[in-house]
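In our numbering, the protein residues as written are 10 to 744.
Data block below; observations after.
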Ligand code: ADQ
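Set out below in structure tokens:
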């Protein structure tokens, strides 16, 4: 629409310019005509007066001339007359005669024998003064000046401008209104109807067919109808195929297959997802509202599932325009450009965010579950807020499922550990699963939490508790055994408390591969060019700015590598994309400073001729930009000190459709269990990291391809659609 306004403004500008030029030319011709008429009149007048004036010359110019002057200047258009002798001195003249400033004109007239006309301004009036020589027997004896009122010429011109300007403004108004009506109702309306219809079709709503039938768009509408028809057919056959594949164990999982699976297994039972982070954040800058997808594993993993299945996602609305963009109940359909499911936003107070999110979740539970040598901070105020916000989430969900029989509830992550118990208390018929996206620590490590029993009690009311790896499941079951009165069944990996059974299962999370843009994008070097990176070897790191990701250790490993392999100096760059994370937590702010300082130190040590060994980009990149970077990176370097899974590793593998590139992966990530072709390292050892970089750079293409193939098969065999299907299947088996 903005472009339409710009085009309308340009059209109006051109029309105004054209109209102004026309008026200007009209003004010019009117002025010329009026002036020439005035000149002719002045000449005639002067001629007729000359005779009378010369009759008094012989009597010595005196009283006679003055009398003639007084007699003639009574007329309205003749403003004044003056007579000069041959020395240029005034002999007689009317009172207030407007004479030109330049008195030499009188002498010039007598010398050149030529009459001169001049416009003279006096106050608000303009006069035309004509000076002519006076002769006796062909000898110049003086001159005569005749002044006439010329104000009416300017008045006429002004009137023309005013009249034409009003007409011009009126025309512009009509013109602008016509453009707006044309664009709004004919083009914009028709096009947005077409877009809506195509979007509905893309969402799989084959009933809607609102393509406009106006004759103007007929050819386009015809083409679109054909395309939509073939899309419908393609979708139908994909759906038929997916239904057939449901029965075939070995066939790949796709969004379509998951949709068919959900239809077949859940019938019409809706899915409710609860997580702290929302999948789409609306933010307002100046007067513009924009949406973005926040960086983070939970969103990356669950968004494709919700797109495939629909349902409701309940999350904290953290954007400053979230409230404004949602309806009065906090609901909004997303993705914003192609709505497929409902996002229900919960608003939290500053105090709640401080205590529940920054405090208990990120300063207590996060370091408690990650072995990254950061001490957890347990504050009872934070715990109070954590419980309060968990209750808020549970209450919101209970309102949403009020009229839903046996709802499926998928609670996500460590922020909402108490929600399963709170939901089950009111709705025992709900099937509840909680998935823990981060590692589960050893029983000894978990035992330091003052609220360990409450946390475990909250989780154990779920029917299913999921982790990424078997190791985390083992840790959890042992922790429960140590802390809570219960019966453990190691054979079925279940925990019984009273009559309630909770099943513990590993579901290694993944990404949407194949089935989305991964690996299909045309590689583009745009971002690298913009960053001025033109090296032979690109090593890539992509993380949230989090101390568990081992970014400082990665830098140390690179420093060790450049020290031990100086021939690579100037030829290799580590591009570290690090999106700011949890900035309200002091540890994270300190960590961001440390990362910057360390990058600067290493760059200072090795940097030469504009080459920097580390390019640190502390910002969010779009999914597409990341895919392009993955495609150009010879090495992806993941050095997490402890990581539930690490989806970046899988994203790198998925983007490498040329089957080359080397993944260096910390052995302390969940992903290291799934990705057999990676070079595994202990990130605490700079020597090991450095050796792996050298191995990666020297690895023959055939070996790279062998390893990459293994990893790509693994990611595509167990993608996010399969994760979701197995998760839901396991939950349904518990009914
Ligand atoms: P995270 O700790 O957030 O997830 P990870 O699994 O690596 O870690 O996922 C990060 C996601 O954010 C990836 O999709 C990545 O592309 C994206 N991302 C990172 N930096 C970005 C940037 N600068 N710009 C844009 N996107 C960026 C948690 C656990 C993990 C677990 C996931 C999923 O800590 O162990 O794998 O949940 O369960």
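Built from N, CA and C at the ideal position, the CB exists for glycine as well.
N- and C-terminal bounds of the alpha helix (DSSP H) containing residue 663: 656-664
Anyone know if the C-beta pair for residue 413 and residue 429 falls short of 7 Å? no
For residue 509, verify whether its CB is less than 6 Å away from any heavy atom of the ligand ADQ. no
Roughly how many angstroms lie between the CA atoms of residue 275 and residue 695, to the nearest whole one? 50 Å
Are residue 689 and residue 668 closer than 7 Å when you measure CB to CB? no
Reduced DSSP secondary structure (H/G/I, E/B, other) of residue 158: strand
Counting Cβ pairs closer than 8 Å, one from the segment 642-651 and one from the segment 376-391, do we hit at least three? yes
Cα-Cα separation between residue 399 and residue 710, rounded to whole angstroms: 51 Å
Starting from the C-beta of residue 489, find all residues in its chain whose C-beta is less than 8 Å away, skip the five residues before and the five after it, and write them out in chain order. 465, 469, 495, 497, 504
Within 7 Å, strictly: CB atoms of residue 179 and residue 199: no
Flag this pair as touching only if the segment 583-599 and the segment 714-727 have three or more C-beta atom pairs under 8 Å; answer yes or no. no
Give me whichever residues DSSP pairs with residue 284 in a beta bridge. 324
Between which two residues does the beta strand (DSSP E) carrying residue 543 extend? Taken as a continuous stretch (DSSP letters only), residue 543 belongs to no beta strand (DSSP E), as it is neither H nor E.
For my contact list, residue 330 and residue 293 are in at a C-beta cut-off of 8 Å; report their separation, rounded to the angstrom. 4 Å
Starting from the N-terminal side, write out each stretch of the alpha helix (DSSP H) that is 4 residues or longer and does not extend beyond the segment 446-514. 452-455, 461-469, 479-492
Looking at the secondary structure, which residues open and close the beta strand (DSSP E) in which residue 733 lies? It is not in any beta strand (DSSP E) - residue 733 instead sits in the alpha helix (DSSP H) that spans 729-741.
Going by DSSP in three states, residue 120 sits in which element: helix, strand or coil? helix
Other residues of its chain near residue 743: CB distance less than 8 Å, five sequence neighbours each side excluded: 440, 472, 473, 510, 512
Counting C-beta neighbours from all protein chains within 10 Å, is the total for residue 6 16 or more, i.e. buried, or is it exposed? Nothing can be reported for residue 6, as the shown portion of the chain is limited to 10 through 744.
Once you ignore the five residues that flank residue 526 on each side, which residues in its own chain have a CB closer than 8 Å to its CB? For residue 526, the predicted model reports a pLDDT of 45, less than 50, meaning its position is unreliable; a value from the coordinates is still stated below. If we look at residue 526 and ignore the five residues flanking it on each side, its Cβ neighbours are 632, 633, 636.
By DSSP, does residue 439 sit in helix, in strand, or in coil? coil
Nearer than 6 Å: is that true of the beta carbon of residue 654 relative to any heavy atom of the ligand ADQ? yes
Determine the direct distance from the alpha carbon of residue 362 to that of residue 693, and round the result to whole angstroms. 33 Å
Separation of residue 81 from residue 150, as counted between CA atoms: 21 Å
Counting only runs of 4+ residues fully inside the segment 308-377, write out the alpha helix (DSSP H) ranges in chain order. 331-334
Need the endpoints of the beta strand (DSSP E) that residue 623 sits in, please. 623-626
Tell me the start and end of each unbroken beta strand (DSSP E) in the segment 588-647 that is at least 3 residues and wholly inside, in chain order. 623-626, 644-647
Shorter than 7 Å from the beta carbon of residue 721 to some beta carbon of chain D? In summary, chain D is missing from the structure at hand, where a single protein chain is found.
Where residue 580 falls: helix, strand or coil (DSSP): coil
For residue 689, name the three-state secondary structure that DSSP assigns. strand
Do residue 655 and residue 687 have their CB atoms nearer than 7 Å? no
Considering only residues of the same chain and omitting the five flanking positions on each side of residue 640, which have a CB-CB separation below 6 Å? 532, 664
So is the beta-carbon of residue 630 under 6 Å away from any non-hydrogen atom of the ligand ADQ? yes
The ligand ADQ heavy atom lying under 6 Å from the CB of residue 475: no
Provide the residue(s) that pair with residue 297 in DSSP beta bridges, ordered along the chain. 294
Could you check if residue 306 belongs to the surroundings of the ligand ADQ, using beta carbon to heavy atom distance under 6 Å? yes
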